[in-house]
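Visitor: In this note's numbering, the protein residues as written are 53 to 365. Pasting a structure here, questions to come.
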Amino acid sequence: MSPRKIIIDTDPGQDDAVAILLALASPEEIDVLGITAVAGNVPLALTAKNARIVCELAGRTDIPVYAGCDAPLRRRLVTAEHVHGKTGLDGPSLPDPHMALADGHAVDFIIRTLREHPAGKVTLCPLGPLTNIARAFQDAPDIIGRVDEIVLMGGAYFEVGNITPAAEFNIYVDPEAAEIVFRSGASITVMPLDVTHKALVTPERNDAFRAIGTRPAIAVAEMTDFFERFDKEKYGSPGAPLHDPCVTAYLIEPGLFSGRHINVEIETGSDLTLGMTVADWWGVTDRPANAHFMGDLDADGFFALLTKRLAWL
Ligand code: RIB
Ligand code: CA
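Below, the structure is given as structure tokens:
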């Protein structure tokens, strides 16, 4: 079977970095057409820089990296340096990138790529706020029907919020963008906190990364050593949740995940619950299903896959 063609839309972010490395380590299953950076964990200048740092770490300077939107559609940017550090990739000491940004805006790359490839042949993998995706859908509605699938990290139901009591960060930063995407009619698979909080990098799992001994694997272990502070302190969890790599792992081994096809709406009005993903997990409304919302993960299988593939870089 030929590899799935994808665009990774991202706000690196240590967990974004691991997701990108897993994708680049899996050429049999994934063909990364390009990476589009969006403002999120840290401002755009840093997410666009970090995406290139990760490509160089993987030895893949052939991957075009585009800078995208530097702020949400209608709101002030909220960032997460308290989680990811001031660079967004705190932990390992990685060199500044030599590779330049690709020419042009990320939104134009998304539109062009979807128009140039046959319909149903390109998957979008958003790992941050949905601003770039929503802007592309606004500027070129014709591309929506050409998207094979959107596999995104964002939202929460049972786990509720990580940036506010009600909202997960990616959705909270740009709720209007999320509403556009979730109401677009595109096929959407969601990796919410309900799943990603089960993908915890315990010390044993991080030791297994480190034991691989390669630069990318050691960098992942060092990223995790830094990134885990926030969740250990807040949730008392045994390690960092690898949020974004759940998206890439799903493309490689979907059987690791289980969930439901349900309705998911986005709160965009209330200040109290802004950015909440109102997921009808129990089917109590007659709102039409618009998303495959994941609820569970085979965590041991996930880490076995990730550890094996990281060794391939
Ligand atoms: O809430 C977790 C998400 O927000 C992850 O994608 C992380 O990288 C941050 O963007
Ligand atoms: Ca992210």
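Glycine residues also receive a C-beta, built at the ideal position from the N, C-alpha and C atoms.
Locate the beta strand (DSSP E) running through residue 57, then write down its first and last residues.
Guide: As a first step, residue 57 is located in the sequence shown; it is residue number 5 there, counting from the start. Segment 56–62, the beta strand (DSSP E) holding residue 57.
Visitor: For ligand 1, any of its heavy atoms closer than 7 Å to the Cβ of residue 280?
Guide: Position 228 of the sequence shown, counted from the start, is the residue given in the question as residue 280. No, Cβ of residue 280 sits at least 7 Å from all heavy atoms of ligand 1.
Visitor: Whole angstroms is fine: what's the gap from residue 344's alpha carbon to residue 114's?
Guide: Sequence index remark: in the sequence shown, residue 344 carries index 292 (1-based). Sequence index remark: in the sequence shown, residue 114 carries index 62 (1-based). Spanning the two alpha carbons is a distance of roughly 32 Å.
Visitor: Of all the options 358, 286 and 181, which has the alpha carbon lying nearest to the alpha carbon of residue 134?
Guide: Position 82 of the sequence shown, counting from 1, holds the residue named residue 134. It is 286.
Visitor: Restricting to runs no shorter than 4 residues, where is the alpha helix (DSSP H) found entirely within the segment 273–332?
Guide: For the segment 273–332, whole alpha helix (DSSP H) runs of length 4 or above, ordered along the chain, are 297–304.
Visitor: Counting pairs of beta carbons, one from the segment 238–249 and one from the segment 197–212, are three or more of them closer than 8 Å?
Guide: Yes: at least three Cβ pairs fall under 8 Å.
Visitor: Compare the C-beta of residue 223 with all C-beta atoms of chain C and state if any pair is closer than 8 Å.
Guide: In the displayed structure, chain C is absent; only one protein chain is listed.
Visitor: Could you spell out the range, first to last residue, of the alpha helix (DSSP H) harbouring residue 166?
Guide: On the sequence shown, residue 166 is found 114 positions in, with the first residue counted as 1. Start and end: 158–168.
Visitor: Would you say the beta carbon of residue 62 is closer than 7 Å to some non-hydrogen atom of ligand 2?
Guide: For the purposes of this step, residue 62 is taken as residue 10 along the sequence shown, with counting starting at 1. Yes, ligand 2 has a heavy atom inside 7 Å of this Cβ.
Visitor: Please look up how many angstroms separate the CB atoms of residue 253 and residue 294, rounded, as I've assumed it's under 8 Å.
Guide: Counted from its first residue, the sequence shown places residue 253 at position 201. Counted from its first residue, the sequence shown places residue 294 at position 242. Their Cβ separation, rounded to whole angstroms, is 6 Å, which keeps residue 253 and residue 294 in contact under 8 Å.
Visitor: Quick one: complete alpha helix (DSSP H) runs, 4+ long, within the segment 332–362?
Guide: If we require 4 residues or more, the alpha helix (DSSP H) runs fully inside the segment 332–362 come out as 351–362.
Visitor: Who are the near neighbours of residue 11 in its chain, counting only those whose CB is closer than 7 Å to its CB and skipping five residues on each side?
Guide: Nothing in the structure corresponds to residue 11, since the chain is present only between 53 and 365.
Visitor: Considering only the alpha carbon of each residue, which of 78, 58, 56 and 228 lies closest to residue 359?
Guide: Position 307 of the sequence shown, counted from the start, is the residue given in the question as residue 359. Of 78, 58, 56 and 228, the residue nearest in Cα terms is 78.
Visitor: Consider the C-beta atom of residue 326 and the heavy atoms of ligand 1; say whether any pair is separated by less than 7 Å.
Guide: Translated into the one-based positions of the sequence shown, residue 326 becomes position 274. For ligand 1, not one heavy atom lies less than 7 Å from the Cβ of residue 326.
Visitor: Can you tell me where the alpha helix (DSSP H) holding residue 83 begins and where it ends?
Guide: For this step, residue 83 is matched to residue 31 along the sequence shown. That residue, residue 83, is in no alpha helix (DSSP H); its beta strand (DSSP E) goes 82–89.
Visitor: Where DSSP assigns a beta bridge to residue 119, which residues make up the other side?
Guide: Counting from 1 along the sequence shown, the entry for residue 119 is found at position 67. Bridge partners of residue 119: 89 and 157.
Visitor: Candidates 148, 141 and 342: which alpha carbon is nearest residue 312's?
Guide: Indexing the sequence shown from 1 puts residue 312 at position 260. That would be 342, whose Cα lies nearest to the Cα of residue 312.
Visitor: Just the Cα atoms here: how many angstroms apart are residue 74 and residue 128?
Guide: As a working note, residue 74 is residue 22 in the sequence shown. As a working note, residue 128 is residue 76 in the sequence shown. Those two C-alpha atoms are separated by around 32 Å.
Visitor: How big is the Cα-Cα spacing for residue 193 and residue 235?
Guide: Residue numbering aside, residue 193 sits at position 141 when the sequence shown is read from its first letter. Residue numbering aside, residue 235 sits at position 183 when the sequence shown is read from its first letter. Taking the straight line from one Cα to the other gives about 12 Å.
Visitor: Could you check if residue 141 belongs to the surroundings of ligand 3, using beta carbon to heavy atom distance under 7 Å?
Guide: Questions concerning ligand 3 fall outside what the structure shown contains, since the ligands it does hold are ligand 1 and ligand 2.
Visitor: Please determine whether the Cβ atom of residue 114 lies at a distance below 7 Å from any heavy atom of ligand 2.
Guide: Taking the first residue of the sequence shown as 1, we reach residue 114 at position 62. Checking every heavy atom of ligand 2 against the Cβ of residue 114, none is found closer than 7 Å.
Visitor: Please specify which runs of the alpha helix (DSSP H), each continuous and at least 4 residues long, are wholly inside the segment 161–248, giving them in chain order.
Guide: Entirely contained in the segment 161–248, the alpha helix (DSSP H) runs reaching 4 residues are, in chain order, 183–191, 221–225, 227–234 and 245–248.
Visitor: Mapping DSSP to helix, strand and coil, what is residue 253?
Guide: Residue numbering aside, residue 253 sits at position 201 when the sequence shown is read from its first letter. Correct three-state label for residue 253: strand.
Visitor: What residue range does the alpha helix (DSSP H) around residue 131 cover?
Guide: Within the sequence shown, residue 131 is the residue found at index 79, counting from 1. Per DSSP, residue 131 belongs to no alpha helix (DSSP H) and is neither H nor E.
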